[in-house]
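Undergrad: My structure is below; once you've seen it, I'll send some questions.
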Amino acid sequence: MKIWNKLIFTALFALTLAGSAFAQQVQIPRESPRAEVAQTVGDTRIAIVYHRPSTKGREVWGKLVPFGAVWRTGANENTIFEISENVKINGQDLPAGKYGLHTIPNKDEWTIIFSKKNDEWGSFTYKPENDALRIKTKPETRPNSLETMMFEFEEVTPTTATAVIRWEKLKVPFTIQVVGVQDRVLGKLRQQIAGATDATKAQPYVGSRMTAANFIVDNKIKSAYADAAIWVDEALKVREAFNTLRGKARIAAEMGNYKDAVTYGEKAVTVGKAAQPAVNADLMANFEKEVAGWKTKQ
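Numbering (the numbering used here), first residue to last: 787 to 1084.
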């Protein structure tokens, strides 16, 4: 009898596990569905994962979402704010990492909280001692009402973006500034160059040097101009083409040597117009304007 009881128990336990595993595979619709919005700023990925509640005819601010209380800024699990590199939020430092994003809404001012705890259910167990950062921001009123809450990014530049919470007639913004982009990118480009030392392998050798030189010129990193000039010369010895000649001309112009800039610029135009496949027409036209401008400065 004991053996049969044991067998029955084992069979029931196995069925329970199988049922549990099956349930985990089924995506059950939720009233406040999960959403994720991500934005790359510079070399940094910024992602916000949250759940989207709807008004459903309810009064939101001060009622459904009380003023003066910590709010999960969404529904279900706490909202997650993740950054791949260090940033500044409204001018204050926030290290790279994953945070629970909570807010304290008020009529005229909101507090936005980035908590080191990012795996909580809502804000029910939120503790101020886990704060990584708190900032203040002003809500803005919009004429059109939004039924379902959302996050989005606005005013994206190579180093900044504005994250926005939208729901009902409110818009709540906070700014994100990526710090140290140029230093990080240039450091990685230097590593690529250090790993591409075989000039017989033209693509990595030339490509790594021209990518770095163009990045320096495009971003006007004057402290690295001398390095850019060396890398362009190394690339030119391997491949005399439109891109390497243009690179030589541009770095010469940035360093104030307009005579060389014009010489190499005109040669780049000649080589580029004879190239197969042809150089992009807009790129060529813009570069010819640059060369014309350098001529006036000789």
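Note that the Cβ used here is the ideal one computed from N, Cα and C, for glycine as well.
1) Short of 7 angstroms in beta carbon distance, which residues of its chain neighbour R831, apart from the five on each side in sequence? Order them along the chain.
2) If we ignore side chains and look at the alpha-carbon of each, how far apart do R786 and F960 end up?
3) Which full runs of the alpha helix (DSSP H) of 4+ residues lie inside the segment 805-856, going along the chain?
4) How far does the alpha helix (DSSP H) with R1025 in it reach, from first residue to last?
5) Going straight from the alpha carbon of M1070 to that of G1079, what length do you get?
6) Measure the CB-CB distance between V1065 and Q963 and report whether it falls below 9 angstroms.
7) Could you round the C-beta distance between K1034 and Y1050 to whole angstroms and report it? I think they count as a contact, below 8 angstroms.
8) Over what stretch of residues does the alpha helix (DSSP H) that includes K1081 continue unbroken?
9) Rounded to whole angstroms, what is the Cα-Cα separation between Q968 and G843?
10) Is the segment 992-1008 touching the segment 971-984, taking contact as three or more C-beta pairs under 8 angstroms?
11) Excluding five sequence neighbours on each side, which residues of the same chain lie with their C-beta closer than 6 angstroms to the C-beta of N916?
12) Indicate whether K893 and W847 have their beta-carbon atoms separated by less than 9 angstroms.
13) Can you round the beta-carbon distance between T865 and L880 to whole angstroms, since I take them to be within the 8 angstroms contact cut?
14) How many angstroms separate the CA atom of G854 from the CA atom of I890?
15) Indicate the three-state DSSP secondary structure (helix, strand or coil) for A1064 in the structure shown.
16) Inspect the beta-carbon positions of D829 and R970 and report whether they are closer than 9 angstroms.
17) Within a Cβ cutoff of 8 angstroms, which residues of the same chain sit near T762, ignoring the five residues on either side of it in sequence?
18) Quick one: what does DSSP say P990 is sitting in, helix, strand or coil?
19) So for S909, helix, strand or coil by DSSP?
20) Among P852, L972, F939, whose alpha-carbon lies nearest the alpha-carbon of V958?
21) Count the other CB atoms, across all protein chains shown, that sit within 10 Å of the CB of R816; report buried if there are 16 or more and exposed otherwise.
22) Are the CB atoms of L919 and I899 within a distance shorter than 9 angstroms?
23) In terms of DSSP beta bridges, what is E954 paired with?
24) Per DSSP, V919 is paired with what?
25) For T1030, collect the residues of the same chain with a Cβ closer than 6 angstroms to its Cβ; drop the 5 residues on either side in sequence, then sort them by chain order.
TA: Reading it off the structure:
1) The beta carbon of R831 is closer than 7 angstroms to those of A824, S870 in its chain, skipping five residues each way along the sequence.
2) Residue 786 cannot be examined here, being either before or after the span of the chain that is shown, 787 to 1084.
3) If we require 4 residues or more, the segment 805-856 turns out to have no alpha helix (DSSP H) run fully inside it.
4) Note, R1025: premise wrong, no alpha helix (DSSP H); not H, not E.
5) Approximately 14 angstroms, taken between the alpha carbons.
6) Going by C-beta atoms, V1065 is not nearer than 9 angstroms to Q963.
7) The C-beta distance from K1034 to Y1050 rounds to 4 angstroms, short enough to fall under 8 angstroms.
8) Unbroken alpha helix (DSSP H) run through K1081: 1067-1081.
9) For Q968 and G843, the distance between alpha carbons rounds to 48 angstroms.
10) By the Cβ test, the segment 992-1008 is in contact with the segment 971-984, since at least three Cβ pairs between them sit closer than 8 angstroms.
11) Residues of the same chain with a CB within less than 6 angstroms of the CB of N916, apart from the 5 flanking positions on each side, are S901, K902, K903 in chain order.
12) For K893 and W847, yes; Cβs fall inside 9 angstroms.
13) Contact between T865 and L880 does not hold, since their C-beta atoms are separated by about 15 angstroms, which reaches or exceeds 8 angstroms.
14) Just so you know, the alpha carbons of G854 and I890 end up roughly 6 angstroms apart.
15) In the displayed model, A1064 falls within coil according to three-state DSSP, outside both helix and strand.
16) Cβ distance < 9 angstroms, so D829 and R970 count as in contact.
17) Examination of residue 762 is not possible in this model, given that the chain is present from 787 through 1084 alone.
18) Three-state result, P990: helix.
19) Coil at S909, not helix or strand.
20) Comparing Cα positions, the closest option is F939.
21) When all chains shown are included, R816 counts as exposed.
22) Yes, Cβ-Cβ distance for I899 and L919 is below 9 angstroms.
23) For E954, which the question treats as bridged, DSSP gives the partners L932.
24) Note that residue 919 is Leu in the sequence shown here, rather than Val. Bridge partners of L919: F900.
25) The answer, listed in chain order, is A1021, L1022.
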